[in-house]
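Residue numbers for the sequence shown follow the working numbering, so the first one is 14 and each next one is one higher.
Every residue gets a Cβ at the ideal spot worked out from N, C-alpha and C, and that includes glycine.
Predicted, not measured: the structure shown is a model, and the values here were computed from it.
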Amino acid sequence: MKTLLLVRHAKSSWTDPDMDDFDRPLNKRGKQNAPEMAERMLARGTVPQLIISSPAKRARSTAKLMAREWKYPRQAILLEEELYLCYASTFLKVITKIDDDFDQVAIFAHNPGITDFANYLTEEMRIDNVPTAGIFAIAADTDCWKDFDRAPKRFLFFDYPKSTGAAMF
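This is the structure we're talking about:
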């Protein structure tokens with residue numbers, strides 16, 4: 014069984030409208046929401062063994078803040094260039110390269126790709142938007158990440174900072 018956590022980066026700052034999108038940092042709320050969401054995952058007993066992130070500053074920062082809560086070494090976060098503003102299909106390319114020794118993996122990325130990919134993965138749960146710092150989790154009945162796309166999947170939960178209770182099955 015493989016568990017995938019799709020994590021949208023936390024809220025980013027727009028104080029400098031001329032700043033390149035790739036370099037936008039997190040704002041105050043984003044810096045608060047990321048550790049809060051990591052704590053929710055800890056309470057649920059869901060902690061990734063591998064973290065893969067878009068290299069954009071807001072995604073990297075979100076991954077680092079959550080990694081700290083999970084006691085995951087920041088230097089072990091894998092940066093994947095392809096995840097920056099990618100299409101849903103790109104997630105599958107990244108997933109097939111994951112080492113099978115890892116059973117729980119978190120991927121930090123951006124909209125609209127992350128929402129599109131979450132909806133591609135299951136018909137059990139349809140969402141309009143993965144909000145900032147939102148986490149969509151799914152389990153795949155496989156031992157190999159290269160078989161993830163074809164494997165039967167089960168929706169686990171969808172949680173985000175303003176939710177009153179995570180949707181779960």
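Taking the Cα of I120 as reference, the smallest distance to any Cα among S26, K44 and L98 is reached at L98.
The way I'd put it, the segment 131 to 147 does touch the segment 19 to 35; three or more beta-carbon pairs between them come closer than 8 Å. Spanning the alpha carbons of P86 and L17 requires a straight line of approximately 19 Å. One thing to note: N46 has its Cβ no nearer than 7 Å to the Cβ of P125. Within a 10 Å sphere around the beta-carbon of F35 sit fewer than 16 other beta-carbons, which makes this residue exposed. The continuous alpha helix (DSSP H) containing D129 extends over residues G126 to L134.
Apart from the 5 residues on each side of it in sequence, R139 sits with its Cβ closer than 7 Å to the Cβ of N132 in its chain, given in chain order. In this model, A72 and D33 are separated by some 14 Å (Cα to Cα).
The three-state secondary structure of F35, taken from DSSP, is helix. Between D113 and D156 the beta-carbon gap is near 6 Å, inside 8 Å, which marks them as a contact.
Between F170 and A152, the C-beta gap is not smaller than 7 Å, which leaves the two residues out of contact. One thing to note: L105 has its Cβ no nearer than 7 Å to the Cβ of I65. At the C-beta level, D172 and K15 stay beyond 7 Å of one another.
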